[in-house]
Amino acid sequence: MDARLLDIVCALVCFFLLLALVLTLPAFMAPGSAYLLSIIIFVFAMSGAGIAINRAIA
């Protein structure tokens, strides 16, 4: 798969993951902690996607 397309797909998946977490986690946790946890999970997901992309194109 083309590296640019793979990057766009990973970014969209991570964005929708963030959106889902921001909308659902406050129902189960305190809102402040839920938003912070959402951002932390998003950062780890983006980092993992970057590592996967680098391995795929190398």
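Numbering of the sequence shown is given in this note's numbering, commencing with residue 357 and proceeding in unit increments.
For glycine and all other residues, C-beta sits at the position ideal for the given N, C-alpha and C.
Assuming L362 contacts I409 under a Cβ cut-off of 8 Å, what Cβ separation, rounded to an integer in Å, is found between them?
6 Å
Suppose you measure from the CA of L379 to the CA of I413; what does that come to, to the nearest Å?
33 Å
What number of angstroms, rounded off, separates the C-alpha of M357 from the C-alpha of A390?
35 Å
Please list, in chain order, all residues of the same chain as A401 whose beta carbon is under 7 Å from its beta carbon, the five residues on each side excluded.
C370, L373
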